[in-house]
Structures are given as C-alpha cells and as structure tokens.
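Have a look at the structure below before the remarks.
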Amino acid sequence: MKHLISIILLLFSINIYSINYSKQKVFIGGNVKAPKTYTIEEISKLPQSTADIHDPYSKNKKVRFQGILLADLFKIHANKNSKRIEIIAINDYKVTIDRSFIEKEKMLLAIKGDGSFLTVKEKGPARIVVPGKGELKEGKLAKEGVNWVWFVRSINFL
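Numbering-wise (my numbering), the sequence shown opens with residue 1 and increments by one.
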C-alpha cells in the first residue's frame, strides 16, 4: 500500500510540472489602447529578445532568458500617458515600476529559459527578469530582487 501511494504521489508531482502552458494566460490592462489576454504561445509570437542572466533564484545559475521586453509591451499596448506598470503574480504579489526604469534596465517578460518554455519549477510560465545585475548575493537580493516577479498573472499600465 505504501508503494502504491508513493507511485501515485510521484505521478501527481510529475503532472504538476508538465502543465499545458498554452492554457496559461497573462492579462494586459489598465491605461491601454485595448485590454488583451495572451496565452504563452501568443507571447512567443511577439517581438522576442534574449538576455543571459545569473538567475538569483536558481543559485545564480547562468540562464539565457527569452521573451518580450517590457518596453516593447509599452509600445504595443500603453496609451501615451502611461508612465508605470503594475505587475501582479498569481499569489497577488505586486510591484509597480516606472517606465524609465524598465527601459534603462531592459526588463523582460520571460517565457523561455535556455530555449525551453519555463516550467512552474523555474518560476514560469511567465516571469519578469532584470538583466545586467551580475550575481546577486543574499544582501543585494532583498533590494534588487523585488522586481523579479514569478508566475505573472497580469500587467496593468498606469
């Protein structure tokens, strides 16, 4: 009986990490030309950028992230008077970021890491990453890591 329960739990845990990402969505709203809900597949068809980043949430492992620059989302969706975005994760964690900071830091809505779609284990299917910081140690992570949003549910232009 213990073996059967172990096998069932193993199969369930494997299933959690093999979610059909085409069903995952990111909502774009707020001060926009028109609201839009994207699947991960649709995001992959938008203009893509890559960034080689030491991922502070994966022991500073170097990862080539791919996705759309948040600055490009501004160009596509935001009304001209939008100056900030509010990013909300599925657990309701939220952060508000100025457009100037987004452009300066080349922030990315990442959907792929090292060529593969991000999994839940990798904090996907969509997450915000910030290139150019190098390796972030524990002391810097508390300050620099606030804009790294995992499991992105919505992006609201303000």
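By construction, the Cβ of each residue, glycine as well, lies at the ideal position given by its N, Cα and C atoms.
Of the candidates ASN81, LEU109, VAL149, LEU109 places its Cα closest to the Cα of ARG64. For ILE53, there is no enclosing alpha helix (DSSP H); the enclosing beta strand (DSSP E) covers residues 49 to 55.
Nearest Cα to GLY30 within the set LYS104, ILE85, ILE40, PHE151: ILE85. Inside the region 83 to 110, DSSP marks whole beta strand (DSSP E) runs of 3 or more residues at positions 84 to 89, 94 to 98, from first to last along the chain.
Sixteen is the threshold: when 16 or more other Cβ atoms of the shown chains lie within 10 Å of the Cβ of ALA126, as they do, the residue is buried. When only Cα atoms are considered, ASN60 and LYS94 end up about 23 Å apart.
For LYS61, there is no enclosing alpha helix (DSSP H); the enclosing beta strand (DSSP E) covers residues 61 to 69. C-alpha of HIS54 to C-alpha of SER82: approximately 30 Å in a straight line. If you draw a straight line from the Cα of VAL149 to the Cα of ASN156, it is about 14 Å long.
Counting along the chain, SER44 sits inside the alpha helix (DSSP H) bounded by residues 40 to 44. Nearest neighbour of THR50 by Cα position, chosen from VAL129, LEU158, VAL146, turns out to be VAL129. Going by DSSP, VAL26 is part of the beta strand (DSSP E) stretching over 25 to 30.
Looking at the DSSP output, VAL152 shares a beta bridge with ALA89.
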